[in-house]
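Take a look at the structure set out below.
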Amino acid sequence: MRKFLVVLDDSRECLNAMRFAAMRAAKTKGGVTILSVIPPDEFNHWIGVGDIMREEARERIHAHYEVFAKWMRDRHDVDPELVIREGDVVNEILGQVKADEDIGVLVLGAASGKKGPGPLVSQLSRGSGSLPIPVTIVPGDLSKERLEEIT
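Structure representation (structure tokens):
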């Protein structure tokens with residue numbers, strides 16, 4: 001089964017990437033892996049504080065994931081899986097792609113506006129020629145109706 005890997009973060013464009021991944025998975029009988037990356041802990045010298053912060057981040061991730069997962073199940077009959085990794089987001093995306101051979105497409109949401117598509121899209125598009133899978137970049141300001149037409 002081909003899976004669509006989509007990154008869950010706090011960006012607005014993440015929503016359209018989730019929608020696209022769910023719609024494509026439903027139409028191709030594929031799956032969705034939702035990856036969330038916890039950045040490196042800046043409080044390593046305060047281990048107790050770092051552990052609390054890490055646990056709070058995991059709780060927030062699970063809460064966000066449940067919203068998207070319920071929508072994917074109810075609307076598109078897609079049951080996504082959640083993967084939480086810790087580290088640099090680009091390295092962890094690449095690590096997940098290598099770890100799961102069923103992942104066939106990386107779906108990223110691009111920010112709209114004068115600041116550019118966002119740091120993740122910028123970083124990954126620079127090295128996209130060496131990625132082992134295709135990358136789909138979904139404009140963050142695309143309407144739901146247009147996304148449905150495209151998928």
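Take 1 as the starting number for the sequence shown in the UniProt record's numbering and just add one per residue. Cβ atoms here follow ideal geometry from the backbone N, Cα and C, with glycine treated the same way. Given the structure is predicted, the values throughout are model-derived calculations rather than measurements.
Beta-bridge partners of residue i, as assigned by DSSP
{"i": "I137", "result": "L108"}
{"i": "F4", "result": "V32 and V105"}
{"i": "V37", "result": "R85"}
First through last residue of the beta strand (DSSP E) which encompasses residue i
{"i": "V97", "result": "Premise fails: V97 lies in the alpha helix (DSSP H), V89 to A99, not in any beta strand (DSSP E)."}
{"i": "V121", "result": "Run containing V121: none in the beta strand (DSSP E); it sits in the alpha helix (DSSP H), P119 to R126."}
{"i": "E81", "result": "E81 to E86"}
Inter-residue CB distance, residue i and residue j (contact presumed, cutoff 8 Å)
{"i": "K3", "j": "I84", "result": "The Cβ separation is near 16 Å, so there is no contact."}
{"i": "E13", "j": "G118", "result": "7 Å"}
{"i": "L108", "j": "L124", "result": "7 Å"}
{"i": "I38", "j": "E86", "result": "5 Å"}
{"i": "A110", "j": "V138", "result": "7 Å"}
Boundaries of the alpha helix (DSSP H) in which residue i is found, first to last residue
{"i": "R146", "result": "K144 to I150"}
Cβ-Cβ distance between residue i and residue j below 8 Å
{"i": "A17", "j": "V78", "result": "no"}
{"i": "I34", "j": "V67", "result": "no"}
{"i": "I133", "j": "L106", "result": "yes"}
{"i": "R24", "j": "G31", "result": "no"}
{"i": "S36", "j": "I52", "result": "no"}
{"i": "Y65", "j": "L147", "result": "no"}
{"i": "P80", "j": "A63", "result": "no"}
{"i": "V89", "j": "L120", "result": "yes"}
Chain B within 8 Å of residue i, Cβ atoms only
{"i": "D141", "result": "The chain inventory of the structure shown lacks chain B, comprising one protein chain alone."}
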